[in-house]
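Under the numbering used here, think of the first position of the sequence shown as 35, with each following residue one higher. Single-structure report; data block below.
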Amino acid sequence: MGCSDFAVEYWCDQNEAQCPLICLQQPGVSSSTTQDNDCDPDQLTYSCVCENGVSPNITQYSQTLPFYICQAWGNQCVANCNGDNTCANSCRADHPCGAQTPYLGNATSSSVSSTASATASATTSRAVTGFGGAAATSAAGGSTGAAAASFIPNAATSMAVLFGTVFFGFAVLL
Numbered sequence: 035m036g037c038s039d040f041a042v043e044y045w046c047d048q049n050e051a052q053c054p055l056i057c058l059q060q061p062g063v064s065s066s067t068t069q070d071n072d073c074d075p076d077q078l079t080y081s082c083v084c085e086n087g088v089s090p091n092i093t094q095y096s097q098t099l100p101f102y103i104c105q106a107w108g109n110q111c112v113a114n115c116n117g118d119n120t121c122a123n124s125c126r127a128d129h130p131c132g133a134q135t136p137y138l139g140n141a142t143s144s145s146v147s148s149t150a151s152a153t154a155s156a157t158t159s160r161a162v163t164g165f166g167g168a169a170a171t172s173a174a175g176g177s178t179g180a181a182a183a184s185f186i187p188n189a190a191t192s193m194a195v196l197f198g199t200v201f202f203g204f205a206v207l208l
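Shown next as structure tokens:
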């Protein structure tokens, strides 16, 4: 893959930092304690098991080992295109890294429905971009994870709609 030992160590550090944060988004998890949180930079393997025994699908998050491997593959693919923009675009567009439709377990029902309708009308891919820049199994996992509420796509729009609806409701009552 052409990655330095330092880069792969960093990837594992990031993965181990993200695991407890991803676990906090799982139903029934109340602390950042994990049953297992390990990453082997030599074998490019990881394990993330939450306190309730769930192994979240961390391939749906950035700043995790699968995300960095995907990014490195994309970089190598683009380099192999030798300047062909169509080829380079296909490398990224056909193989997106990170979350495409992350689990929104910690979102309010109004923001989930607004986000779901916005997502249904736009089929672009989005990657969850970490948890506040925190230093961050097999790829198969149990249930999916969720991003922190501040990383929900279109969250600002959802909140504006929610506040507008509440304001309109008060105006009608007066």
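Beta carbons are placed, not taken as given, at the ideal position from N, Cα and C, and that holds for glycine.
TODO: Note down, in chain order, each residue of its chain lying with its Cβ closer than 7 Å to the Cβ of residue 122, except the 5 sequence neighbours on either side.
DONE: 112 and 115
Open item on the list: Quick check: what's the CA-CA separation for residue 54 versus residue 102?
Closed with: 18 Å
Open item on the list: Please classify residue 45 as buried or exposed, where buried requires at least 16 other C-beta atoms within 10 Å of its C-beta.
Closed with: buried
Task: Endpoints, alpha helix (DSSP H) assigned at residue 39 - done: 39-57
TODO: Assign residue 123 to one of three DSSP states: helix, strand, or coil.
DONE: helix
TODO: Check whether the Cβ atoms of residue 93 and residue 52 lie closer than 7 Å to each other.
DONE: no
Task: Nearest residue (CA-CA) to residue 65, options 117, 49 and 83 - done: 83
- [ ] State buried or exposed for residue 132, treating a residue as buried only when at least 16 other CB atoms are found within 10 Å of its CB.
- [x] buried
TODO: Decide if residue 75 is buried, meaning its Cβ has at least 16 other Cβ atoms within 10 Å, or exposed.
DONE: buried
TODO: Could you check how far apart the C-beta atoms of residue 85 and residue 63 are, in whole angstroms? I think they sit under 8 Å.
DONE: 6 Å
Open item on the list: With a threshold of 8 Å on Cβ separation, who are the neighbours of residue 69 within its own chain once the five nearest residues in sequence on each side are excluded?
Closed with: 83, 84, 85 and 87
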